[in-house]
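**Q**
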């Protein structure tokens, strides 16, 4: 209800502070898209919003597939994605509008881009995961270890960029 009220008042700021504010913003954009024309197809906004959150929470399967497909054969990537899809607990929670699965999806993207040595995107997704749910800050530590043991030259300025980048995205 808070999202709908803020949408009709033209305010992009929540009237309350609830710690997963990225959930508010995703729901806000969902409502804007739903209000602009999808309400003819989906009569209930809550079902539409849950569907969007479910789709976002399934994004790690794409990154898991791409990682394992790049390491070996395509069927290994398919098998790895199917193992992800077999997690009953994760998928049970992904049907609710909850920060846990969104933080896990963003953390998975952060680790994927870290493995691909794309520090910028790794920082962005680690900060978003950390901002979605504070306990997702644990994704920062494997990335430090990954960058330390990687084949490209690590400088102190890269670590500082990563740390302050995550901090800035988290604060915003």
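Residue numbers (the numbering used here): -10 to 161. Every residue, glycine too, gets a C-beta built ideally from N, C-alpha and C.
1. Looking at C-beta atoms only, is the number of pairs between the segment 26 to 46 and the segment 83 to 101 that lie closer than 8 Å three or more?
2. Compare the Cα-Cα distances from residue 22 to each of 101, 65, 111 and -8 and report the closest residue.
3. Taking residue 102 and residue 119 to be in contact with their CB atoms under 8 Å, please state how far apart those CB atoms are, rounded to whole angstroms.
4. Would a C-beta distance cut-off of 8 Å place residue 16 and residue 38 closer than the cut-off?
5. Which runs of the beta strand (DSSP E) fall wholly inside the segment 37 to 63 and span at least 3 residues, in chain order?
6. Given this structure, state the Cα-to-Cα distance separating residue 88 from residue 60, to the nearest angstrom.
7. How would you write the range of the alpha helix (DSSP H) that residue 24 sits in, first residue to last?
8. What are the boundary residues of the alpha helix (DSSP H) that includes residue 89?
9. CB-CB under 7 Å to residue 10, same chain, minus the five flanking residues each way: which ones, in chain order?
10. On the DSSP letters alone, give me the boundaries of the alpha helix (DSSP H) that residue 121 sits inside.
11. What is the DSSP secondary structure of residue 126, counted as helix, strand or coil?
12. From what residue to what residue does the alpha helix (DSSP H) around residue 77 run?
**A** In this structure, then:
1. yes
2. By one-based count along the chain shown, residue 22 stands at place 33. Of the candidates 101, 65, 111 and -8, the one whose C-alpha sits nearest the C-alpha of residue 22 is -8.
3. Residue numbering aside, residue 102 sits at position 113 when the chain shown is read from its first letter. Residue numbering aside, residue 119 sits at position 130 when the chain shown is read from its first letter. That belief does not hold up - the Cβ atoms of residue 102 and residue 119 are roughly 15 Å apart, past 8 Å.
4. Residue 16 sits at position 27 when you count from the first residue of the chain shown. Residue 38 sits at position 49 when you count from the first residue of the chain shown. Yes, they are a contact pair.
5. none
6. Taking the chain shown and counting its residues from 1, one reaches residue 88 at position 99. Taking the chain shown and counting its residues from 1, one reaches residue 60 at position 71. Roughly 31 Å between the two C-alpha positions.
7. Numbered from 1 along the chain shown, position 35 holds the residue referred to as residue 24. Looking at the DSSP string, the run of the alpha helix (DSSP H) that includes residue 24 is 10 to 24.
8. For the purposes of this step, residue 89 is taken as residue 100 along the chain shown, with counting starting at 1. Taken as a continuous stretch (DSSP letters only), the alpha helix (DSSP H) holding residue 89 covers 88 to 104.
9. Residue 10 sits at position 21 when you count from the first residue of the chain shown. Within the same chain, residue 10 has close Cβ partners 3.
10. As a first step, residue 121 is located in the chain shown; it is residue number 132 there, counting from the start. Run containing residue 121: 108 to 121, per the alpha helix (DSSP H) assignment.
11. Counting from 1 along the chain shown, the entry for residue 126 is found at position 137. Helix, per DSSP.
12. Here residue 77 is taken as the residue at index 88 of the chain shown, counted from 1. Looking at the DSSP string, the run of the alpha helix (DSSP H) that includes residue 77 is 77 to 83.
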